[in-house]
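S.K.: The first sequence maps to residues 8 to 804 in this note's numbering.
We put the CB at the ideal spot given by N, CA and C, even for glycine.
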Amino acid sequence: MDYNPQKIEEKWQKYWKENKTNFCNLDEKKKDKFYNLVMFYYPSGDKIHIGHGYNYTGADVFGRYKKMVGFNVLQPIGADAFGLPAENYAIKTGVHPAQSIKQNIDFGRKQLKSLGIIFDWDKEINTSDPEYYKWTQWLFGVLYKNGLAYRAEAPVNWCPSCKTVLANEQATEGKCERCGSEVIQKNLNQWFFKITDYAERLLEDHKKLDWPERTIAMQKNWIGKSEGTNIKFKINNNEIEVFTTRIDTIFGVTALILAPEHELVQKITTSEHKKEVDNYISVSKKKSELERTDLEKEKTGVFIGAYAINPLNNEKIPVWIGDYVIATYGGGAVMFVPAHDERDFEFAKKYKIEIREVISGGDILKGAFTEYGKLVNSGEFNGLDSEQAIKRITQWLERNNLGKKTINYRLRDWLISRQRYWGAPIPIIYCDKCGEVLDENLPVKLPDLKDFKPTNEGESPLARSKEFVNVKCPKCGSPAKRSTETMDTFVCSSWYFLRYLSPHLDKSAFDKKLVDKWLPVDQYTGGAEHACLHLLYARFITKVLFDQKFIKFDEPFTKLNHQGMILAADGSKMSKSKGNVVIPDDYIKKYGADTFRMYVLFIAAFEDGGAWNDKSIIGVYRFLTKVWNYSPIPHSTKFSDNQALSLLNKTIKKVSDDIKNFKFNTAISSMMEFVNFIYNPSVVSMLNIDDWGNFLKILAPFVPHITEELWENLGNKKSIFEEKWPKYDEKLVKKDTIDLVIQVNGKVRDKIEVNADISEKEATKLVLSNNKIKPWLNNQEPKRIIFVKGKLINMVV
RNA sequence: GGGCGAGUGGCGGAAUGGUAUACGCACAACACUUAAAAUGUUGCGAGCUUUGCUCAUGAGGGUUCGACUCCCUCCUCGCCCACCA
Numbered sequence: 008m009d010y011n012p013q014k015i016e017e018k019w020q021k022y023w024k025e026n027k028t029n030f031c032n033l034d035e036k037k038k039d040k041f042y043n044l045v046m047f048y049y050p051s052g053d054k055i056h057i058g059h060g061y062n063y064t065g066a067d068v069f070g071r072y073k074k075m076v077g078f079n080v081l082q083p084i085g086a087d088a089f090g091l092p093a094e095n096y097a098i099k100t101g102v103h104p105a106q107s108i109k110q111n112i113d114f115g116r117k118q119l120k121s122l123g124i125i126f127d128w129d130k131e132i133n134t135s136d137p138e139y140y141k142w143t144q145w146l147f148g149v150l151y152k153n154g155l156a157y158r159a160e161a162p163v164n165w166c167p168s169c170k171t172v173l174a175n176e177q178a179t180e181g182k183c184e185r186c187g188s189e190v191i192q193k194n195l196n197q198w199f200f201k202i203t204d205y206a207e208r209l210l211e212d213h214k215k216l217d218w219p220e221r222t223i224a225m226q227k228n229w230i231g232k233s234e235g236t237n238i239k240f241k242i243n244n245n246e247i248e249v250f251t252t253r254i255d256t257i258f259g260v261t262a263l264i265l266a267p268e269h270e271l272v273q274k275i276t277t278s279e280h281k282k283e284v285d286n287y288i289s290v291s292k293k294k295s296e297l298e299r300t301d302l303e304k305e306k307t308g309v310f311i312g313a314y315a316i317n318p319l320n321n322e323k324i325p326v327w328i329g330d331y332v333i334a335t336y337g338g339g340a341v342m343f344v345p346a347h348d349e350r351d352f353e354f355a356k357k358y359k360i361e362i363r364e365v366i367s368g369g370d371i372l373k374g375a376f377t378e379y380g381k382l383v384n385s386g387e388f389n390g391l392d393s394e395q396a397i398k399r400i401t402q403w404l405e406r407n408n409l410g411k412k413t414i415n416y417r418l419r420d421w422l423i424s425r426q427r428y429w430g431a432p433i434p435i436i437y438c439d440k441c442g443e444v445l446d447e448n449l450p451v452k453l454p455d456l457k458d459f460k461p462t463n464e465g466e467s468p469l470a471r472s473k474e475f476v477n478v479k480c481p482k483c484g485s486p487a488k489r490s491t492e493t494m495d496t497f498v499c500s501s502w503y504f505l506r507y508l509s510p511h512l513d514k515s516a517f518d519k520k521l522v523d524k525w526l527p528v529d530q531y532t533g534g535a536e537h538a539c540l541h542l543l544y545a546r547f548i549t550k551v552l553f554d555q556k557f558i559k560f561d562e563p564f565t566k567l568n569h570q571g572m573i574l575a576a577d578g579s580k581m582s583k584s585k586g587n588v589v590i591p592d593d594y595i596k597k598y599g600a601d602t603f604r605m606y607v608l609f610i611a612a613f614e615d616g617g618a619w620n621d622k623s624i625i626g627v628y629r630f631l632t633k634v635w636n637y638s639p640i641p642h643s644t645k646f647s648d649n650q651a652l653s654l655l656n657k658t659i660k661k662v663s664d665d666i667k668n669f670k671f672n673t674a675i676s677s678m679m680e681f682v683n684f685i686y687n688p689s690v691v692s693m694l695n696i697d698d699w700g701n702f703l704k705i706l707a708p709f710v711p712h713i714t715e716e717l718w719e720n721l722g723n724k725k726s727i728f729e730e731k732w733p734k735y736d737e738k739l740v741k742k743d744t745i746d747l748v749i750q751v752n753g754k755v756r757d758k759i760e761v762n763a764d765i766s767e768k769e770a771t772k773l774v775l776s777n778n779k780i781k782p783w784l785n786n787q788e789p790k791r792i793i794f795v796k797g798k799l800i801n802m803v804v
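1. Write down the C-beta distance between Gly231 and Tyr416 rounded to the nearest angstrom, noting that I regard them as a contact closer than 8 Å.
2. According to the Cβ coordinates, are Ile328 and His347 closer than 8 Å?
3. If you draw a straight line from the alpha carbon of Asn321 to that of Glu189, how long is it in whole angstroms?
4. Give the secondary structure of Tyr531 by DSSP, where H, G and I count as helix, E and B as strand, and everything else as coil.
5. Using a Cβ-Cβ cutoff of less than 6 Å, which residues in the same chain neighbour Asn805 once the five nearest sequence positions on both sides are dropped?
6. With distances taken Cα to Cα, identify the nearest neighbour of Lys274 among Lys292, His511 and Asn244.
7. Does Cys499 come out as helix, strand or coil in the three-state DSSP assignment?
8. May I ask you to verify whether the region 497-508 touches the region 528-547, counting CB pairs closer than 8 Å and requiring at least 3?
9. Measure the C-alpha to C-alpha separation of Pro486 and Lys473 and round it to an integer number of angstroms.
10. Given 8 Å as the limit, is there contact between the region 290-310 and the region 348-362, that is, 3 or more CB pairs closer than that?
11. Find the nearest neighbour of Pro563 within the set Pro527, Asp601, Asn587 and Leu521, judged by alpha-carbon distance.
12. Kindly confirm or deny that the region 506-519 and the region 136-154 touch, where touching means at least three C-beta pairs closer than 8 Å.
13. Pick out whichever of Asn672, Asn636 and Lys660 has its Cα sitting closest to the Cα of Val682.
14. Let's test the definition: count the other Cβ atoms within 10 Å of the Cβ of Thr549 and tell me whether it reaches 16, buried, or not, exposed.
15. Quick one: give me the first and last residue of the alpha helix (DSSP H) that Gly115 is part of.
16. Can you list, in chain order, the residues of its chain with a C-beta nearer than 8 Å to that of Lys479? Leave out the 5 residues immediately preceding and following it.
17. Excluding the 5 residues flanking Val795 on each side, which residues of the same chain have their C-beta closer than 6 Å to its C-beta?
18. Out of Lys519, Arg427 and Asp439, state which residue places its alpha-carbon closest to the alpha-carbon of Thr491.
19. Find out if the Cβ-Cβ distance for the pair Val589, Ser582 is shorter than 8 Å.
20. How many Å lie between Gly368 and Lys381 at the Cα?
21. With DSSP as the reference, label Ile333 as helix, strand or coil.
22. Hey, how far is the Cα of Lys704 from the Cα of Lys657?
23. So within the region 281-353, which uninterrupted alpha helix (DSSP H) runs reach at least 4 residues, ignoring any that extend past its ends?
24. Could you name each continuous beta strand (DSSP E) segment of 3 residues or more that falls completely within the region 547-614, going from the start of the chain to the end?
25. For Pro817, report the span of its beta strand (DSSP E) as first-last.
26. Which stretch, first to last residue, makes up the alpha helix (DSSP H) that contains Met802?
27. With distances taken Cα to Cα, identify the nearest neighbour of Leu91 among Gln82, Ile124, Tyr63 and Ser51.
28. Nearest-angstrom Cα distance between Met605 and Val627?
29. Quick one: residues in its chain with C-beta nearer than 7 Å to the C-beta of Ala538, no 5 flanking neighbours on either side, listed in chain order?
30. Do you know how far the Cα of Leu747 is from the Cα of Lys754?
31. Whole angstroms is fine: what's the gap from Tyr10's alpha carbon to Thr632's?
32. When you compare each of Phe671, Ala431, Arg253 and Asn228 to Glu234 by their alpha carbons, which one comes out closest?
33. By the 10 Å Cβ neighbour count, where 16 or more other Cβ atoms means buried, how is Glu716 classified, buried or exposed?
34. Tell me the residue span of the alpha helix (DSSP H) that contains Gln192.
35. Identify the residues that DSSP records as bridge partners of Ile230: which are they?
36. Please classify Arg425: does DSSP put it in a helix, a strand, or coil?
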């Protein structure tokens with residue numbers, strides 16, 4: 008019979024569904040648990056993106072392998088269903104987000120099944136379902152009650168097109184992550200989660216994680232710890248704290264620059280400068296984030312008429328404002344040291360501010376000297392090295408109560424409120440008598456709106472629903488108003504891995520016993536683009552829940568792997584607008600899911616990804632056809648050919664090791680080598696049924712349908728995934744004979760077949776009498792002989 | 001500007017101190033066929049004076065008996081962050 012993937016794939020997908028193959032038993036006691044998690048998907052488009060297919064296929068191979076080696080594997084999936092894309096789609100089409108989301112989830116489920124990916128479908132979750140977001144709201148309450156959720160007026164990123172605020176992480180390069188519009192700064196009253204309280208622990212606990220180094224580096228960079236000194240300057244009767252990493256340059260300070268938004272600016276600006284200063288502030292307010300952070304543009308600033316006192320030498324220094332100073336970092340103020348900071352140097356040249364050298368080693372007429380050196384022009388600290396000076400000056404400040412050693416982080420608190428419809432409502436009620444009241448009568452259900460458009464003023468569409476807004480205060484019963492804001496979707500996804508274990512539980516967010524047993528996640532697989540968003544937020548929320556004793560672990564994901572990106576044939580990113588998107592369905596129809604799965608993993612190393620090539624997929628199909636057509640020796644009492652058996656054992660070892668390390672591409676090529684070998688008519692290479700069956704088992708995680716069918720054809724009654732992963736025989740992996748490589752001066756001159764355990768003496772003897780080697784030795788005794796057992800011998804002459 | 005990574009045949013890629021180019025695609029020749037497809041066999045880095053030799057892993061240098069692999073300098077590309085004081 009010919010290989011007909013469509014037919015057998017349908018058959019086995021049905022079989023897995025009916026027999027709940029690979030679905031884990033949460034209460035199983037004999038086997039060790041293994042929580043194999045993939046990042047859940049956003050059900051926005053109409054097709055599962057190939058990136059998801061890639062991600063989930065790799066994780067599925069790994070999960071099926073883990074099951075076969077004897078673990079009780081939990082492999083759940085769900086939908087991250089709240090958020091802007093569904094809402095924007097609703098505004099455009101009038102289709103309610105709940106409806107389009109449902110359609111997309113149904114479609115996604117079908118697609119994942121058609122890829123032969125096994126998920127525990129009975130544990131599926133949907134973050135936009137009230138039974139789920141009830142507990143997202145509960146989570147808000149946990150943070151709120153512990154002082155980790157607060158409301159504050161702050162300059163925030165505002166996307167004029169999406170008409171909503173964005174978290175710092177969602178507004179990179181001054182552009183909206185979703186729509187690409189230029190983000191502007193607005194002062195708004197918003198809800199924040201105090202992730203900054205956890206900055207140090209988030210850094211410290213990186214040690215505990217088996218994660219890709221670059222992901223940890225990205226998080227470190229994002230948290231941005233820097234050690235320095237806070238120093239107080241007096242301006243009239245006011246005090247201003249400035250952060251610096253270079254307190255050794257304090258005697259070179261010739262100005263103080265404040266952010267235009269700094270609260271003291273209005274207070275200390277003198278009347279003759281007021282007009283100019285107000286003018287400057289209003290211009291910089293109008294600038295977009297992109298303009299303000301454009302490095303190419305010259306820095307600007309204005310003198311505000313006030314003077315500050317340098318506490319070390321009591322010198323009077325002018326105070327300026329400049330919009331390159333970030334309001335939210337280091338107190339929004341900078342001490343200006345043009346001799347030893349490049350940016351300050353340029354600014355000083357432009358505005359003719361004094362440049363005073365205090366660290367020797369450079370030429371301050373030519374440019375700023377930014378390295379460490381010996382202090383000059385620095386009073387009693389003259390002659391010290393920068394490093395010593397930093398310590399001594401900081402100590403001096405601490406003694407005089409004028410400053411202290413300080414650690415600053417770039418990480419800012421997580422802005423979680425959104426003035427949009429499609430999200431989990433923030434469970435807060437405003438009462439005239441009681442003020443801000445946490446609503447613990449959950450869920451606070453989203454009303455069924457027809458008009459989802461946000462207002463131009465940035466008010467949430469939820470404000471339109473009077474039934475939603477007008478409520479009674481839970482404390483005193485008098486009329487009150489509900490908050491109309493919803494939460495950032497990243498709040499929903501920061502705890503979803505706890506919910507899978509009890510997706511419909513009504514009494515609490517998660518089943519504590521099951522969470523104690525199953526968490527933390529053993530293997531997490533998903534995109535690297537989440538390094539500073541989801542992966543950081545989930546770690547933060549986990550630590551909060553740990554501190555409040557809801558869970559017993561403080562890191563959610565022990566081991567993390569990323570999949571690379573599958574690119575279009577020309578190496579560019581796939582996008583709908585370019586029309587170069589690869590849709591798995593087309594290939595599943597043509598070649599079958601098994602071929603698709605194996606090919607996508609064969610393209611390149613999993614973590615690298617690579618370009619999709621339409622032509623190469625045929626190679627995998629040919630390989631599977633060969634597997635399909637192979638006939639082993641029917642009686643299992645007969646032994647297989649020795650060479651074939653040896654290679655089989657080697658292949659088992661190689662495939663096992665490679666799957667463990669997510670190196671699917673090389674696992675596949677070694678299985679191809681094996682099949683090529685047993686097909687080669689020039690060698691006797693028959694396998695008996697048992698050995699062939701073992702090969703099918705190691706092949707099974709990659710191509711589950713065809714292997715199930717062939718396994719059944721061999722006369723087996725149970726699924727191949729009920730089988731134990733084959734063990735390899737160490738003796739058979741090692742060959743009796745090897746090709747010993749003979750080198751002269753490091754160059755290969757011959758290869759001879761010898762016993763694998765040949766000694767150096769014997770090998771030397773053979774080499775010296777070898778006719779091909781003799782001419783290279785030039786009748787000389789080798790100066791040195793390097794012998795690598797089982798591999799090579801190198802004669803140095 | 002800072003951080004991380006990569007550069008290997010016509011193409012995707014393998015090899016992390018020990019046989020460079022595994023595996024796959026494409027291509028060519030042959031077999032089968034009326035023919036084509038499919039399949040199979042063989043070949044396939046470059047050059048040369050071709051039983052073999054020389055050169056070749058972005059460029060140049062170094063360490064080593066031996067370097068795609070380690071070190072230094074430079075070039076190119078990708079990703080992340082970026083006026084962070």
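M.R.: Answer, in terms of the structure:
1. 6 Å
2. no
3. 44 Å
4. strand
5. The displayed coordinates of the chain run from 8 to 804. Any statement about residue 805 would go beyond what the structure contains.
6. Asn244
7. helix
8. yes
9. Distance between the alpha carbons of Pro486 and Lys473 is about 12 Å.
10. yes
11. Minimum Cα-Cα distance from Pro563 among the listed residues Pro527, Asp601, Asn587 and Leu521 corresponds to Pro527.
12. yes
13. Asn636
14. With 16 or more neighbouring CB atoms inside 10 Å of its own CB, Thr549 falls in the buried class.
15. Pro104 to Ser121
16. For Lys479, where only same-chain residues beyond five positions count, the Cβ hits under 8 Å are Ser485, Pro486 and Ala487.
17. none
18. Arg427
19. With a cutoff of 8 Å on beta-carbon distance, Val589 and Ser582 are scored as not near each other.
20. 8 Å
21. coil
22. 14 Å
23. 296-299
24. 572-574
25. Absent from the structure is residue 817, since the part of the chain shown begins at 8 and ends at 804.
26. Here Met802 belongs to no alpha helix (DSSP H); instead the beta strand (DSSP E) covers Leu799 to Val803.
27. Ser51
28. 7 Å
29. Thr222, Met225 and Gln226
30. 13 Å
31. 6 Å
32. Arg253
33. Answer is buried; the Cβ neighbour count reaches 16.
34. That residue, Gln192, is in no alpha helix (DSSP H); its beta strand (DSSP E) goes Ile191 to Phe200.
35. DSSP output for Ile230 lists no bridge partner at all.
36. Arg425 falls in the strand class under three-state DSSP.
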